[in-house]
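Have a look at the structure below before the remarks.
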Amino acid sequence: MTKKNAFTSAARLLAAFSIVLSSFVGCAATPISPHADRAVGQPGTGIAGLTGRWVLLSWVGQHASPPPAARNVTLVLSKDGAYGGSGGCNRIFGQYHVGPAHQQISVNPPATTRMSCPVDVMAFESRFLATLAHVNRFELTGNTLVLFVRDTDRLTFARQVIPRQGSLADNAPGKSMASGRTPA
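My numbering puts the last residue of the sequence shown at 783; the count rises by one with no breaks.
Written as structure tokens, this is what we have:
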């Protein structure tokens with residue numbers, strides 16, 4: 600086989616491989632259903648509207664109790680249906696699903712780390728995790744997410760916006776440009 604024929608064969612093989620590979624890339628980017636990426640809480644809002652870090656502001660209802668002082672209770676929702684966060688003491692993680700009905704959401708019971716905290720914090724966290732596993736509906740309005748448990752409880756969260764490192768917020772007066780920390 601001559602060099603020219605070997606080069607032509609290799610080029611044809613590479614072109615065929617590229618065509619096959621590009622067809623797979625197109626399939627991976629296509630949602631299974633036309634509404635697979637929609638969170639039906641707000642018209643036209645994709646599931647990306649729910650994603651992000653949420654901090655518990657209030658809990659009203661039958662099982663409610665105030666969050667322990669100086670403890671952040673958070674929920675981090677990702678677009679792949681995974682969630683994480685903190686119940687006030689332990690890290691939590693699990694899966695959630697949006698839809699198919701309008702504003703419908705289901706949250707699988709969370710798994711947790713097993714750290715020890717004060718009794719009141721552990722009692723709050725236990726009630727919070729049990730309630731979270733029964734969430735069945737949501738409302739999303741701007742930066743406020745409300746999770747409902749049937750007609751008994753309402754958990755209200757605020758979106759927590761975390762400035763990116765190197766943003767203008769890092770250069771605020773009193774901040775060290777190098778470390779982002781306030782000088783001592």
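No residue lacks a Cβ here, since even glycine has one placed at the ideal position from N, Cα and C.
Note that this is a predicted model, so its numbers are computed, not measured.
- The shortest CA-to-CA distance from W653 to any of H733, G741, P667 is the one to G741.
- Contact between T751 and H662 holds: their C-beta atoms lie close to 7 Å from each other, under 8 Å.
- The three-state secondary structure of A700, taken from DSSP, is coil.
- Bridge pairing for F727: absent [DSSP].
- When Cβ pairs closer than 8 Å are counted between the two stretches, the stretch 701 to 708 is seen to touch the stretch 726 to 734, the count reaching three or more.
- With a cutoff of 8 Å on beta-carbon distance, R758 and Q702 are scored as not near each other.
- With a beta-carbon spacing of about 18 Å, V697 and I691 fall beyond the 8 Å limit used to define contacts.
- For G680, the CB contacts under 7 Å within the same chain, skipping 5 residues up- and downstream, are Q694, Y695, H696 in chain order.
- Residue pairing by DSSP puts G684 in a beta bridge opposite L674, I691.
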